[in-house]
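Trainee:
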Amino acid sequence: MADVRGTPSNPPDTPGSPMPRSLSIADPAPLGLAAFALTTFVLSVINTDMVPASQTGAVLGLALAYGGIAQFAAGIWEFAKGNTFGATAFCSFGAFWISYWWLVEHDLGGLGEDAYKGVGLYLLAWGIFTAYMTVAASRVSLAVLVVFALLTVTFIVLAIGEFQESTGWHKLGGWIGLATAIAAWYASFAGVTNFTFKRTVLPTIPR
9 MADVRGTPSN PPDTPGSPMP RSLSIADPAP LGLAAFALTT FVLSVINTDM
59 VPASQTGAVL GLALAYGGIA QFAAGIWEFA KGNTFGATAF CSFGAFWISY
109 WWLVEHDLGG LGEDAYKGVG LYLLAWGIFT AYMTVAASRV SLAVLVVFAL
159 LTVTFIVLAI GEFQESTGWH KLGGWIGLAT AIAAWYASFA GVTNFTFKRT
209 VLPTIPR
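Numbering (our numbering), first residue to last: 9 to 215.
Written as structure tokens, this is what we have:
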């Protein structure tokens, strides 16, 4: 933070300065979690068939802009804060949503009759990544651990649904995805609220 006394070695911030002189940045985790939660929620509602699959296009803008770009940006700021877990998680899942946008918008129709195998492999690979991130999440907080544990199950169930071409498994993955989104929203809500109120209003139970 800038020295309000304005000593020559550490002058105060002034309007028009090319860069702020603050040595700290706001916690990017609530943004990353919110971006992940909202995009996951919308897609999961479609996966449960509460909204028909023909409306999948409604999630593509979110996947690119919010789940993708905004979450990836949160990951970059986690790098700046020195948080390896947060940086890896948010950059990876930001890239996941961008790749999902690209897959649905550009490639899915060209994968042919075996598309379900490619999508199943895609989901399975993300499930493996999320599983080992869950191990690390166990040392972050209970709130974050719940998010990653549920997300791991979501990916695995959706992968099974693709490999078996089963609407039942697909719907189940949608419902677990909704639980994942709610857990992520809670963690985001807790981060914003606890910071704003300067006290623990919503516990996350650090590990």
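We treat Cβ as the ideally placed atom computed from N, Cα and C, and that holds for glycine.
Does DSSP classify Pro-214 as helix, strand or coil?
Mentor: DSSP places Pro-214 in strand when its eight states are reduced to three.
Trainee: Just to confirm the assignment, what range does the alpha helix (DSSP H) spanning Gln-79 have?
Mentor: From DSSP, the alpha helix (DSSP H) with Gln-79 extends over 79-89.
Trainee: Use the C-beta contact count for Leu-119: other C-beta atoms within 10 angstroms, 16 or more gives buried, fewer gives exposed.
Mentor: Exposed.
Trainee: Could you check the C-alpha separation between Leu-132 and Val-148 for me, to the nearest Å?
Mentor: Using only the alpha carbons, I get a separation of about 24 Å.
Trainee: What separation, rounded to the nearest whole angstrom, lies between the Cα atoms of Met-69 and Gly-90?
Mentor: Note that residue 69 corresponds to Gly in the displayed sequence, not to Met. Approximately 30 Å, taken between the alpha carbons.
Trainee: Measuring only the C-alpha atoms, how far is Pro-180 from Arg-207?
Mentor: The question names Pro, yet the displayed sequence has Leu at residue 180. Spanning the two alpha carbons is a distance of roughly 37 Å.
Trainee: Under the rule that 16 or more other beta-carbon atoms within 10 Å means buried, what is Ser-52, buried or exposed?
Mentor: Buried, since its Cβ has 16 or more Cβ neighbours within 10 Å.
Trainee: Are the Cβ atoms of Phe-44 and Phe-87 separated by less than 8 Å?
Mentor: No. Outside cutoff.
Trainee: Are Ala-198 and Ala-151 close, meaning C-beta to C-beta below 8 Å?
Mentor: Against a cut-off of 8 Å, the Cβ pair of Ala-151 and Ala-198 comes out as a contact.
Trainee: Would you please verify whether the beta carbon of Leu-46 is less than 8 Å from any beta carbon of chain C?
Mentor: The structure shown contains no chain C; it is built from a single protein chain.
Trainee: Classify Ser-32 as helix, strand or coil using the three-state DSSP reduction.
Mentor: Ser-32: coil per DSSP, three-state reduction.
Trainee: Going by the CB atoms, is the gap between Trp-134 and Thr-56 shorter than 8 Å?
Mentor: For Thr-56 and Trp-134, no; Cβs fall outside 8 Å.
Trainee: Please report how far the alpha carbon of Thr-92 lies from the alpha carbon of Pro-214, in whole angstroms.
Mentor: Between Thr-92 and Pro-214, the C-alpha separation is close to 17 Å.
Trainee: Roughly how many angstroms lie between the CA atoms of Phe-203 and Leu-153, to the nearest whole one?
Mentor: Between Phe-203 and Leu-153, the C-alpha separation is close to 20 Å.
Trainee: Measure the alpha-carbon distance for Ala-157 versus Ile-168 and round it to whole angstroms.
Mentor: When rounded, the distance between both Cα atoms is 17 Å.
Trainee: From Trp-193 to Ala-37, what distance separates their C-alpha atoms?
Mentor: The straight-line gap from Cα to Cα measures roughly 11 Å.
Trainee: Less than 8 Å between the C-beta atoms of Phe-98 and Gly-40, yes or no?
Mentor: Contact flag set, yes.
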